[in-house]
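Number of protein chains: 2
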Amino acid sequence: MFGAPDEPATAPRVFEALGDPVRRRLLELLAPGEQAAGALVTALQAETRISQPAVSQHLRVLREACLVRVHAEGTRRLYRVDDAGLDAVASWLARFSDAFAQPLDALETELARGRRDRRRVDAARVSGRARAAGPGRASGA
Amino acid sequence: MFGAPDEPATAPRVFEALGDPVRRRLLELLAPGEQAAGALVTALQAETRISQPAVSQHLRVLREACLVRVHAEGTRRLYRVDDAGLDAVASWLARFSDAFAQPLDALETELARGRRDRRRVDAARVSGRARAAGPGRASGA
DNA sequence: CTCCTTCATAAGTAGACGCTTATATTGAAC
DNA sequence: GTTCAATATAAGCGTCTACTTATGAAGGAG
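What follows is the structure in structure tokens.
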């Protein structure tokens, strides 16, 4: 049952996976915690008219992008968010952080190291404010 | 020349825009600073076989997603990264930050406020580590 | 073993998307 | 003015993508 789980451990096509609104919604539904595939189907069908295979295919794409992880429990498939994909996105995005963010990064790294000793390894750190920015880009003028 | 610049100031279809590798490359090319459209075409053509209109169309999508901003200088069109779109991405991504990140966010906000007084308003803060995470998600086990 | 539940895969199709060539528009230079 | 340089838009087209229905495979219950 259920094809062999031989994902390549890297995170290819992450942005492509996030390009679809249904897949983003799936991730949002998974944000609070683990969910069975069936529960995700039900939740989506309460919002949109979509079939079970469609959801399954979306979950496959998310899996291949390392954005979700699965483990079987009986006949159920329990999905959860996978940090690997999100980290890939965050790290790409970091390239566009303003220059002044760098020292802050260093501080964060330090703090994160301290926390890591408190057990909680290698988790993503992302924060953002949604308002449009003024002219404060790295390019200056 | 050049259609009227009436973008809606919001950032729709940001993830869709980032879904294309050429558009991501364009943003990377713009990361160091402002670039003329022609320079971007030249840079891309040094890597891939692509036409000028194709690049122009990609730039249009990036514009509509608030991922780049333009201003005309003579007959040139100078493009730069627009924080609005990146902020939208970062803020969506923030939903998936681990719980322990919250206090850190507060610290950051405080630090950012201090910097804001030093002039440099409302810029995005994003940082991430690319390595795959251990079992540290919000969903616990 | 049989039946039901849960989920994935197969095959086919409509539409979206990105590319190309051709052309229009605008500013600068002569 | 005419001409050139820079960029955007228009039209057309192949391909990729997400959907559907139909089916398969596997675990649990009786």
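Chains as they are written, first to last, in my numbering: chain A, 1 to 141; chain B, 1 to 141. All residues carry an ideal CB built from backbone N, CA and C; glycine is no exception.
Under the three-state reduction of DSSP output, E28/A falls in the helix class. By the beta-carbon neighbour count (other beta carbons within 10 angstroms, threshold 16), R69/A is buried. If the five residues before and after R77/A are omitted, its C-beta is found closer than 6 Å to the C-beta atoms of A37 and V70, all from its own chain and listed in chain order. Under the DSSP definition of a beta bridge, E64/B lacks any partner. If you look at S97/B, you'll find it isn't in any alpha helix (DSSP H); DSSP assigns it neither H nor E. Close CB contacts of R23/B within its chain, under the 7 Å cut and outside five residues either way in sequence, are with A17, H58, V61 and L62 (chain order).
Counting the other CB atoms within 10 Å of its CB gives R49/A a total below 16, which places it among the exposed residues.
Interface annotation, L78/A: not in contact with chain B, CB-CB separation never under 7 Å.
Using a Cβ-Cβ cut-off of 7 Å, R95/A counts as an interface residue toward chain B, since at least one Cβ of chain B sits closer than that to its own.
Chain-ordered listing is empty here: chain A has no CB closer than 7 Å to the CB of E64/B, the nearest sitting near 14 Å. Straight-line spacing of the CA atoms in P32/B and D82/A works out to 31 Å. Flagged as an interface residue toward chain A: A31/B, by a C-beta distance shorter than 7 Å.
Annotation for V41/A: Q52 and V55 place their beta carbon closer than 6 Å to its own, counting only its chain and skipping 5 residues before and after.
With respect to the C-alpha of R13/A, the residue from L29/A, L44/A, E34/A and L67/A having the closest C-alpha is L67/A. Per the coordinates, the alpha-carbon of L93/B lies some 8 Å from the alpha-carbon of A90/A.
For the C-beta of R24/B, the chain A residues within less than 9 Å are, from N- to C-terminus, F15 and W92. Here DSSP, grouped into helix, strand and coil, assigns A36/B to strand. Annotated three-state conformation of R23/B is helix, per DSSP. Contacts between V89/B and chain A, judged by CB atoms closer than 7 Å, involve L93 in chain order. In this structure, the beta-carbon distance from E34/B to R95/B does not fall below 7 Å.
By the CB criterion at 7 Å, G19/A and G19/B fall inside the cutoff.
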